[in-house]
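Right, one structure below, let's go through it.
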Amino acid sequence: MYTQSMDTLSAEDKAMEAASKAKLRSADELQSQQRFDARIDAGDFIEAKDWMPEHYRKTLVRQISQHAHSEFVGMLPEGNWISRAPTLKRKAILLSKVQDEAGHGLYLYAAAETLGTSRDQLLDALHTGKAKYSSIFNYPTLTWADMGVIGWLVDGAAIMNQVPLCRCSYAPYARAMVRICREESFHQRQGYEALLTMMTQGTAAQRAMVQDAVNRWWWPSLMMFGPPDAESPNSEQSMRWGIKRISNDDLRQKFVDATVEQASILGVSLPDPLLTWNDTRQHYDMGPIDWPEFWQVVGGDGPCNKERLAARVDAWDNGAWVREAALAHAEKQVAKQAQHAMAA
Ligand code: BYC
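Each number in the numbering used here corresponds to the 1-based position in the sequence shown with 750 added.
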């Protein structure tokens, strides 16, 4: 009877009921939004189970998953040199660096999963070319010196960008970044040490190889920080939410200022004739970055984009039997535990 009486509500009553529910919901949401904004303004960390606006959640999934994909794709240019490392010591270092990067990818996928997007969904977006990953990994690694320069410049740029992320307002991401930054710092130093060895103890040909690698990686490293602030559609909102703490241009400038001195100790020149100290700004001025090249690489048309994506898709396909075996094993364990529980 009760159900029937509900069914007999007039269209007008139904519309009024829906409107009042929506009003309640939006009042509730408004309160949650106000509480969230106040927490962000107070510098609080947001945990996975806390209420958060949908746009904040989506922004985080976008950034964290891109970051995770970058770590995974980032293994490829260096993996290319593991079997060709010049000494056992260098091989062991490179091997563990690449393993660290796999680990970083895993912490980051786990952080993205806390926001309700599954690992399969994230990887599917990478494999179908919908998700982005850092432009830097679409350049080829042509010589052994590239391994040192990736450590020095690429990991150096990564640390500059990632240290502020340890204070990101989303706590699971911030926590993952603390460990990642410690390891990245080792990566950067090992790269610099490898280059210093070649520059101070190497032959003229080895020194020329280092200079050539610096020439090729300098500009792509500066592009890692993203487009100029004025053309960065996500920056303003991400900074308002405390996801990003320092803007793309400011981070790029900090990186350039720190790196010029390191280059001079190393004895290499940086391939920018306009790189000069500006006494008024108390910063280095730099030449223009080739933004059309950046957007071309981000858009999928860089020197190695197709090769990198194909390698990741292959690794995924070839690993299918491992995932199946792990699932079958897990199911067996659950069945065994259930049997034990019945018997007890
Ligand atoms: N490459 O509004 P913007 C590593 C995209 S891993 C490709 O400024 P946002 C390492 C951007 O996604 C290095 N795409 O964006 C690993 C956006 O497109 P969507 C990775 C880029 O998010 C192994 C559009 O351009 N590090 O270090 O506010 C070995 C507009 O940009 C790039 C991270 O991911 C790029 N370089 O700021 C060694 C750190 N730049 O998403 C080393 C975390 C921009 O709207 N991520 N785009 O379609 C971040 O800090 C920020 O996401 C970014 C960009 C600074 C990268």
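Every residue, glycine too, gets a C-beta built ideally from N, C-alpha and C.
Ranked by Cα distance from Leu1024, the options Asp1035, Ile909, Leu1016 are led by Asp1035.
Short of 7 Å from the beta carbon of Pro1053, and not among the five residues preceding or following it, lie these beta carbons of its own chain, in chain order: Asn888, Tyr889, Pro890.
Between Val1010 and Leu1001, the gap from beta carbon to beta carbon reaches 8 Å or more. By the beta-carbon neighbour count (other beta carbons within 10 angstroms, threshold 16), Leu780 is exposed. According to the DSSP secondary-structure assignment, Asp800 is paired through a beta bridge with no residue.
With contacts defined as CB atoms closer than 8 Å, Val899 and Val964 qualify as a contacting pair. Of the residues Trp902, Ser919, Asp1051, the one whose Cα lies closest to the Cα of Ala792 is Ser919. Around the beta carbon of Ile1015, fewer than 16 other beta carbons lie within 10 angstroms, which makes this residue exposed. When secondary structure is reduced to three states using DSSP, Asn1055 falls in the helix class.
For the pair Gly901 and Phe1005, the CB atoms are not nearer than the 8 Å cut-off. Annotated three-state conformation of Thr953 is coil, per DSSP. Cβ neighbours of Thr867 within its own chain (closer than 8 Å, five residues either side excluded): Val811, Ser815. Taking a cut-off of 8 Å on C-beta distances, the stretch 844-859 touches the stretch 919-931, as three or more cross pairs fall below it. Contact between Pro970 and Ile909 does not hold, since their C-beta atoms are separated by about 17 Å, which reaches or exceeds 8 Å. DSSP places Tyr1034 inside the beta strand (DSSP E), whose first and last residues are 1033-1035. Relative to Asp999, the option among Val1018, Glu934, Met973, Pro1042 whose CA is nearest is Met973.
The C-beta distance from Glu863 to Glu821 rounds to 15 Å, too long to fall under 8 Å, and the pair is not in contact.
With a cutoff of 7 Å, Phe975 counts as near the ligand BYC, since its C-beta is closer than that to a heavy atom of the ligand. With a cut-off of 7 Å, the C-beta of Ser935 is classified as distant from the ligand BYC, since no heavy atom of the ligand falls inside that distance.
DSSP, reduced to helix, strand and coil, places Tyr806 within a helical segment of the structure shown. With a 10 Å radius around the Cβ and a threshold of 16 neighbouring Cβ atoms, Val1072 comes out exposed. Per the coordinates, the alpha-carbon of Arg917 lies some 22 Å from the alpha-carbon of Pro978. DSSP, reduced to helix, strand and coil, places Thr1026 within a strand of the structure shown.
Going by beta carbons, Ala921 and Ile796 fall inside the 8 Å limit.
In this structure, Val960 lies away from Ala1008, with their beta-carbon atoms at least 8 Å apart.
Taking Thr1030 as the centre and dropping the five residues before and after it, the same chain places no C-beta closer than 8 Å to its C-beta. For Arg995, no alpha helix (DSSP H) run applies, since DSSP gives it neither H nor E. Checking the 7 Å criterion, the Cβ of Pro983 is within range of a heavy atom belonging to the ligand BYC. In the structure shown, Tyr920 adopts extended strand secondary structure according to DSSP, grouped into three states. In terms of side-chain proximity, the C-beta atom of His817 is found nearer than 7 Å to a non-hydrogen atom of the ligand BYC. Relative to the ligand BYC, Gln961 has its C-beta separated by 7 Å or more from all heavy atoms. Across the structure, Phe1044 and Gln1083 are spaced so that their CA atoms are roughly 49 Å apart. At the C-beta level, Lys847 and Glu828 come within 8 Å of one another. If you look at Ile1039, you'll find it isn't in any alpha helix (DSSP H); DSSP assigns it neither H nor E.
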